[in-house]
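Chain order of the listed sequences is A and B.
Per the working numbering, residue 43 is the first one in the first sequence, and the count goes up by one each step.
Per the working numbering, residue 16 is the first one in the second sequence, and the count goes up by one each step.
So the structure is just underneath, and the comments pick up after that.
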Amino acid sequence: MEKPYGLLAELTYACPLQCAYCSNPLELDAYRDELSTEDWQRVFAEAAELGVLQLHLSGGEPLQRHDIVELVQCATDLGLYTNLITSGLGLSTRRAEQLLAAGLDHIQLSIQADEAALNDQIAGTTSFERKQVAAQLVKQLGWPLTLNVVLHRQNIDRIGGILDMAVAMNADRVELANTQYAGWAGHNRDELLPTRDQLERAEAVVRAARERLGDTMEIIYVIPDYYSKYPKPCMDGWASRQFTVVPNGEALPCPAAHELGRALDLPPANVREHSLEWIWESAPLFQQYRGDAWMPDPCRSCDRKEIDFGGCRCQAFALTGDAARTDPVCHLSPDHGIVEDAVAAANDPLRPQESSLTPRSKLIRTKKRTTASTRAMSATTLVQFSETILKGRQ
Amino acid sequence: MRLTKAMELTDEDARPRLAPHVRLTYSAARKEYALLSPETIWVINATGAAIVELCDAQRTIAEISAELRDRYDQVAESDVRSFVANLVTKHGMEVNHGKALRTAR
């Protein structure tokens, strides 16, 4: 069994934003009982011992945790590469300097659009200016800047402006990834899925920008998997190289697997009750889809099964009710009609223009907060998990 | 002095270094070297790590190869060059073209 390389720590689901494309689960209230500082420190230590090299600190908004500096320091002391995935809200100069001193390696800053009105509308809160300030701060302190923009029907036409903004911010890298339809984004899928024309225009803009900018800025562009022929290699295979721990301590093989274990009646793998080593090696939820013994056809006999691992178990579960089916995104899947219908609806010229996005609900942290609880702290930023891509040995 | 990530390693004055978001580590748990970046991990062997340690934007590929020859029996400059070029292509390294420049980083 391979040891995991990456851990996504979703520290809290509290977030000042309310993006409708959030991948956090709909049942946010179920995750209020957050792990303590000591719990997370133990989890990080066990992760390092297990072979984890890369730690993504996310949420919700990880800066909502008042112990974020302590947690980064702990990870640094363990030799982990630390990547903070943030909306930028809560990144004061003082906090940023503390994080730098604690050894934070990298910041991924989310932004919703290239102009305030649309950004603030998508985020559900006034945040555009603060994000601009946060981007400047990241560069001033000498961090490389990665800008994360989750693309969808309502902002993908702004992609040219978004790229210009990234250049103006001196971003080193920009990730333009179309939404993955998990959690709130799954609920809002039909309003988020872009049209084929939108995608073609966006791709042309990206191609031109890559040519124009050369290597001065790295552009990562990801189309919605609904438009691809084959599914994404989700997590590089179930419980293969990375895993997630969510705010209440449950460990998940995929960041969208909140419901899956319960639906299968598998016991939760919680770090409060088990060591990470046990969870990784023995927890039923982690064993469930490891390897390829679980695969049905067409995956079982497919020569791509080592490339895409049958796609995303959570997407198969969300769309068909059975997590062991081929990801319906695959054109070979017997359930592919579900995806085709959604794509057809997105491209229907007669569909109503008004959108009815459901903003992610507010989650107010009540636990272990004394000063901040009077302010309304609402919900989310993107928790788009960065795929860990392992290149072969050099 | 322009830093470029382009694969112009035919340039004799090309002086590579890790990209700012990339860090070399040795994992005791895994007993292997790795280059860490936000989305990618490159697992490399001890020789690769020795090359990376010498990539400081000051040394040319020829100078790196010469230093490695003091420590290892067989070091082909073309191997060092292709190792570096591969990482440059994948945005893991950058190349400083021109004379060595003392920069605090």
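Glycine is no exception: its CB is placed at the ideal position from the N, C-alpha and C atoms.
| Asked | Found |
| --- | --- |
| Arg411/A in three-state terms, based on DSSP | Reliability fails at Arg411/A, whose pLDDT of 43 lies under 50, so the model's placement of it is uncertain and no value is given. |
| Inside the segment 268 to 319 of chain A only - beta strand (DSSP E) runs reaching at least 3 residues | 284 to 287 |
| Under 8 Å between C-beta atoms of Glu112/A and Leu318/A | no |
| Chain B residues whose Cβ lies nearer than 8 Å to that of Asp350/A | Within 8 Å Cβ-Cβ: nothing; Asp350/A doesn't reach chain B, min ~18 Å. |
| Contact under 8 Å by Cβ, Leu205/A with Thr221/A | no |
| Buried or exposed (CB count within 10 angstroms, at least 16 for buried), Pro295/A | buried |
| Proximal residues of chain A, C-beta to C-beta of Ala49/B below 7 Å | Leu95 |
| At least 3 beta-carbon pairs within less than 8 Å: the segment 322 to 335 of chain A vs the segment 178 to 188 of chain A | no |
| Outcome for Glu54/B when other beta-carbon atoms lying within 10 angstroms are tallied against a minimum of 16 | buried |
| Anticipated Cβ contact below 8 Å, Asp267/A with Val371/A, distance rounded | 5 Å |
| Contact between the segment 60 to 79 of chain A and the segment 99 to 119 of chain A (3+ Cβ pairs under 8 Å) | yes |
| Beta-carbon contacts of Thr413/A that lie in its chain and below 6 Å, excluding the five residues immediately before and after | With a pLDDT of 39 at Thr413/A, under the threshold of 50, the modelled position of this residue cannot be trusted, and the question is left open. |
| Chain-ordered neighbours of Lys45/A on chain B, where CB pairs are closer than 9 Å | Ala44 and Arg45 |
| Contact with chain B by Leu53/A, beta-carbon distance below 8 Å | no |
| Contact set between Ala90/A and chain B, taken where Cβ atoms lie within less than 7 Å | Ala44 |
| Sub-8 Å separation of Leu95/A and Ala49/B beta-carbons | yes |
| CB contact check: Arg38/B to chain A, cutoff 8 Å | yes |
| Environment of Leu87/B [buried if 16+ CB atoms lie within 10 Å] | As written in the sequence, residue 87/B is Tyr, which differs from the Leu given in the question. By the 10 Å Cβ count, Tyr87/B comes out exposed. |
| Contacts that Asn125/A makes with chain B (C-beta to C-beta distance below 7 Å) | Pro53 |
| CA-to-CA distance, Leu83/B to Ala5/A, given in whole angstroms | Residue 5/A falls outside the range modelled here, since chain A spans only 43 to 436, and no answer is possible. |
| Cβ-heavy atom distance, Met43/A to the ligand HEM, below 7 Å | For the structure depicted, the ligand HEM is absent and the ligand set is empty, with no information on it obtainable. |
| Amino acids of chain D, ordered along the chain, whose beta-carbon sits closer than 8 Å to that of Pro31/B | The structure shown contains no chain D; its protein chains are A and B. |
| Expected contact under 8 Å - CB spacing of Pro273/A and Cys354/A to nearest Å | 6 Å |
| Reference Pro289/A; option with closest CA among Val313/A, Lys271/A, Trp280/A and Ala158/A | Val313/A |
| Any C-beta of chain A under 8 Å from that of Ile76/B | no |
| Span separating the alpha-carbon of Leu39/B from that of Ile380/A | 45 Å |
| Span separating the alpha-carbon of Arg342/A from that of Asp334/A | 7 Å |
| For Leu151/A and Leu306/A, the rounded distance between their alpha carbons | 35 Å |
| Touching by the beta-carbon criterion (3+ pairs, under 8 Å), the segment 208 to 215 of chain A and the segment 250 to 265 of chain A | yes |
| Close Cβ partners of Ala251/A (< 8 Å) along its chain, the five nearest in sequence each way excluded | Gly202, Leu205 and Ile261 |
| Residue environment, Leu98/A, which counts as buried when at least 16 other CB atoms sit within 10 Å | First, the residue type needs correcting, since residue 98/A is His and not Leu in the sequence shown. Its Cβ being crowded by 16 or more others within 10 Å, His98/A is buried. |
| Residue closest to Trp82/A, alpha-carbon to alpha-carbon, out of Leu361/A, Ser398/A, Gln329/A and Thr54/A | Thr54/A |
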